[in-house]
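Colleague: With this note's numbering as the guide, the letters of the sequence shown map in order to residues 3 to 334. No residue lacks a Cβ here, since even glycine has one placed at the ideal position from N, Cα and C.
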Amino acid sequence: MTKLKMNRRTLLGTGLAASAMSLATPGILRAAAYPERNLSVYIPTREGGGADRNFRAFSSIWKDKLGAEFEPGFYPGASGRVGYEIYMGKAEPDAYNLIFGNMGPEVLNWAVQAPTFDINDYFYFGRVDTDPGCAFVGAESAFQSIDQIVEEGKKRTLTVGTSRMAHPASIGILALGEATGAKFNLIPLSGGKNTVAGAVTGEVDFSVLTSGSVISAGDSVRTMLVFGENKVGDALDNAQNINDAFDMDLPEMLSSRAFGIHKAAADNHPDRFEKLVSTFNATFEDPALLESYVAARGTPEYLNRGGVEECGQFVKDMLELGERYKPLLTGA
3 MTKLKMNRRT LLGTGLAASA MSLATPGILR AAAYPERNLS VYIPTREGGG
53 ADRNFRAFSS IWKDKLGAEF EPGFYPGASG RVGYEIYMGK AEPDAYNLIF
103 GNMGPEVLNW AVQAPTFDIN DYFYFGRVDT DPGCAFVGAE SAFQSIDQIV
153 EEGKKRTLTV GTSRMAHPAS IGILALGEAT GAKFNLIPLS GGKNTVAGAV
203 TGEVDFSVLT SGSVISAGDS VRTMLVFGEN KVGDALDNAQ NINDAFDMDL
253 PEMLSSRAFG IHKAAADNHP DRFEKLVSTF NATFEDPALL ESYVAARGTP
303 EYLNRGGVEE CGQFVKDMLE LGERYKPLLT GA
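In structure tokens:
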């Protein structure tokens, strides 16, 4: 058996060989090392809301696939703008920093008022759900149907609670008013919990919100109308699709929560990005995800994987809808 004599020359030789191998296969070595620490996730809403619940349900399974924890930071304010401004302005584009946002209302923000950063400098790569908006009242409300709401709205201006002005559900109710002549005044109540409470307490005549949050509110509310397909039937009081009820052709007004990343991170660290995508997809293949999602009060019919292409198309559609309904949102 030949023994290797270790001296300065052999150490230099083996070191150079290792360096050469590293240069020859940088992607393999870096991919194997990533992630070397936990990932930070910027969430541009309050802790405890729908995005938080979805994030925790998904990341509790994803962390085992990726081999690292996800540490959330919550940055509510200005209808989600604060979180994006901080993420784009301060977070290092190294694939250790992600954003988890609600693509529907947050992209509508950019259509109503452009951000300080270039919206093409980040993109969404991992959609978790698709959740249609709806109109609902408190359980003790005198309104028993959407037709009653519309008729009353023709007599007086009704107050409508919404979690944020630039929201797909806001567009839904304003489009209904435009089509029927009913008058609605949107009142931003800052978050889903406050929007539900506004309808329940009678602070507003009724509210609009993502239907998943309305389902979670249980018997304290009654759903009057869905701004898209009602996939859950009785869970939303068998409320009709706005298009069927009023002979309209409104696109589905969806909230859709997804993970996003700096474009520079994906461009400069393709191996890291590929690992994020592959482990994200593997999470959807794990039956434990559905269990976690339901345990977090998620609606199983809304769990819906989407990748870069699907997210990109959704963003494009939201920007177009935002431009189309900008006068309604800014003039509400």
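1) Which residue comes first and which comes last in the alpha helix (DSSP H) that contains Ile-88?
2) Can you confirm whether the region 255-271 touches the region 95-111 when touching is taken to mean that 3 or more C-beta pairs between the two stretches lie within less than 8 angstroms?
3) With three or more C-beta pairs closer than 8 angstroms as the rule, is the region 207-227 touching the region 156-175?
4) Between the Cα of Asp-133 and the Cα atoms of Pro-107, Val-114, Val-152 and Asn-111, which residue gives the shortest distance?
5) Based on Cα-Cα distance, which residue from Thr-225, Ala-184 and Gly-183 lies nearest to Val-202?
6) Give the secondary structure of Ala-116 by DSSP, where H, G and I count as helix, E and B as strand, and everything else as coil.
7) Which residues does DSSP list as the beta-bridge partners of Val-223?
8) Assuming Val-317 and Val-130 are in contact, meaning their beta carbons sit under 8 angstroms apart, how far apart are those beta carbons, in whole angstroms?
9) Would you give the residue range spanned by the alpha helix (DSSP H) that Arg-58 belongs to?
10) Run through DSSP, which three-state label would Val-296 get?
11) Cα-Cα, which of Pro-78, Phe-127, Leu-292 and Gln-150 is closest to Thr-47?
12) May I ask you to list the residues that DSSP assigns as paired with Phe-186?
13) Please identify the residue among Arg-55, Glu-293, Phe-127 and Ile-175 whose C-alpha is closest to the C-alpha of Asn-149.
14) Measure from the alpha carbon of Tyr-36 to the alpha carbon of each residue in Ser-81, Ile-45 and Asp-96, then state which is nearest.
15) Pick from Asn-56, Met-167, Gly-235 and Glu-231: whose alpha carbon is nearest that of Ile-244?
16) What residues match up with Ile-263 in a beta bridge as DSSP calls it?
17) Who does Ser-257 pair with in a DSSP beta bridge?
Modeller: With the structure as the only source:
1) Here the question's residue 88 lines up with position 86 in the sequence shown. Here the alpha helix (DSSP H) through Ile-88 covers 83-92.
2) Cβ pair count under 8 angstroms is three or more, so yes.
3) Three or more Cβ pairs closer than 8 angstroms define a contact, and the region 156-175 meets that threshold against the region 207-227.
4) The count along the sequence shown starts at 1 and reaches residue 133 at position 131. Considering only Pro-107, Val-114, Val-152 and Asn-111, the residue with the shortest C-alpha distance to Asp-133 is Pro-107.
5) The residue labelled residue 202 in the question sits at position 200 within the sequence shown. Closest option to Val-202, Cα to Cα, is Thr-225.
6) The residue labelled residue 116 in the question sits at position 114 within the sequence shown. In this structure, DSSP gives Ala-116 a state outside helix and strand, which the three-state scheme calls coil.
7) Mapped onto the sequence shown, residue 223 falls at position 221. Paired residues: Gly-140.
8) As a first step, residue 317 must be located in the sequence shown, where it is residue number 315. As a first step, residue 130 must be located in the sequence shown, where it is residue number 128. Contact flag wrong, Cβ pair sits at about 15 angstroms.
9) By one-based count along the sequence shown, residue 58 stands at place 56. 52-68 is the extent of the alpha helix (DSSP H) around Arg-58.
10) Start at 1 with the first residue of the sequence shown, and residue 296 comes out as number 294. Looking at Val-296 - three-state DSSP - the assignment turns out to be helix.
11) Looking up residue 47 in the sequence shown gives position 45. Of the listed residues, the one whose Cα sits closest to Thr-47 is Pro-78.
12) Counting from 1 along the sequence shown, the entry for residue 186 is found at position 184. Looking at the DSSP assignment, Phe-186 forms a beta bridge with Leu-160.
13) For the purposes of this step, residue 149 is taken as residue 147 along the sequence shown, with counting starting at 1. Per the sequence shown, residue 149 should be read as Asp rather than Asn. When each option's Cα is compared against that of Asp-149, the closest is Ile-175.
14) The residue you call residue 36 lines up with position 34 of the sequence shown. The residue with the shortest Cα to Cα distance from Tyr-36 is Asp-96.
15) The residue given as residue 244 occupies position 242 in the sequence shown. Ranking Asn-56, Met-167, Gly-235 and Glu-231 by Cα distance to Ile-244 puts Glu-231 first.
16) Locating residue 263 in the sequence shown gives position 261, where the first residue counts as 1. The partner list for Ile-263 (beta bridge, DSSP) reads Phe-125.
17) Sequence index remark: in the sequence shown, residue 257 carries index 255 (1-based). Beta-bridge analysis with DSSP links Ser-257 to Asp-133.
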